[in-house]
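Everything on this sheet refers to the single structure shown next.
In our numbering, the protein residues as written are 677 to 947.
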């Protein structure tokens, strides 16, 4: 009888030990769960500001572009009140001036640029252009760079061979891109124009993705400046400049944008 009582007592003890271990594990799991839930509650959500409209929203819900945040795709893809394109890569150039008060741009001048000449053919050379517009070009990297070392120029926008859009100057200010120029008798085109550089030259066709980026940018700019007309650098500085050159298809540009021919006053013929 005592033997059976001892066995029963041992079984009870074993049962209670196993049950206790299970309960301890459950208690640990529950404690960990409560701790995790409490940490979620006490950790505040990071709040950011939309650079376009200044609305505040959780960072997890915002669209990030470089170190900037936007509350919607529309605001990312729009020109803000300061003349900056949200979707562009911003690389501010010191080469700029104020426009005359209340003078909004009504002309887009299309250029081409390649540093060094033809350098984009066998390697990425976009950064050289960015450095040039920011007066940071290392002239020791190529003999041609020494020839342009003293030049101080800029453009509002650059479209790389891969279609990436860079912005250097607010559209509300003058970039130094046109030089001595005249648009149907109106001189100093920098005063009233927006400059867009396409990475390329007169010897190689531009990339389809560049035309697409140019069409999108043209539409974005026209939404803010509806009277914009479009011309090439060679149109406003004939004999002095040849860009965007014979490789630029004005027909393709017009087809992609749907811009009225009246707003391309020099026509669609290659030149």
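Note that CB positions come from ideal geometry on N, CA and C, so glycine has one too.
Note that this is a predicted model, so its numbers are computed, not measured.
Cβ separation of residue i and residue j, assumed to be a contact under 8 Å, to the nearest whole Å
i	j	result
residue 821	residue 832	Not really, about 23 Å apart at Cβ, beyond 8 Å.
residue 830	residue 796	Contact doesn't hold; Cβ gap of about 19 Å is too wide.
residue 912	residue 858	6 Å
residue 853	residue 785	6 Å
residue 788	residue 873	7 Å
residue 875	residue 836	5 Å
residue 839	residue 885	4 Å
residue 941	residue 905	6 Å
residue 756	residue 903	Their Cβ separation, rounded to whole angstroms, is 20 Å, which puts residue 756 and residue 903 out of contact at 8 Å.
residue 752	residue 762	4 Å
residue 869	residue 918	Contact flag wrong, Cβ pair sits at about 18 Å.
residue 893	residue 929	Wrong, their Cβ atoms sit about 11 Å apart, outside the cutoff.
residue 780	residue 841	At roughly 21 Å, the Cβ-Cβ gap does not stay under 8 Å, so residue 780 and residue 841 are not in contact.
residue 856	residue 775	With 8 Å as the limit, residue 856 and residue 775 do not qualify as a contact, their Cβ atoms being about 18 Å apart.
residue 728	residue 754	6 Å
Residues bridged to residue i (per DSSP)
i	result
residue 873	787, 834
residue 755	761
residue 850	773
residue 740	745
residue 843	766, 833
DSSP-derived helix/strand/coil call for residue i
i	result
residue 734	strand
residue 722	coil
residue 858	strand
residue 821	helix
residue 796	coil
residue 947	coil
residue 806	helix
residue 749	helix
residue 863	strand
residue 815	helix
residue 727	coil
residue 951	Here the chain covers residues 677 to 947 and nothing more, so residue 951 does not appear.
residue 942	coil
residue 692	Since pLDDT at residue 692 reaches only 47, below the 50 mark, its modelled position is unreliable, and the value read off the structure follows with that caveat. Looking at residue 692 - three-state DSSP - the assignment turns out to be helix.
C-beta neighbour in chain C for residue i, strict 7 Å
i	result
residue 763	The structure shown contains no chain C, having only a single protein chain.
- Three CB pairs or more closer than 8 Å across the region 813–820 and the region 734–746: no
- Do the region 788–802 and the region 742–758 touch if we need at least three Cβ pairs shorter than 8 Å? no
- Message: When you compare the region 890–900 with the region 849–868, are there three or more beta-carbon pairs, one atom per stretch, that lie closer than 8 Å?
- Response: no
- Examine the Cβ distances between the region 861–871 and the region 925–937 and report whether three or more of them are shorter than 8 Å. no
- alpha helix (DSSP H) segments (min. 4 residues) lying fully within the region 866–931: 884–900, 909–912
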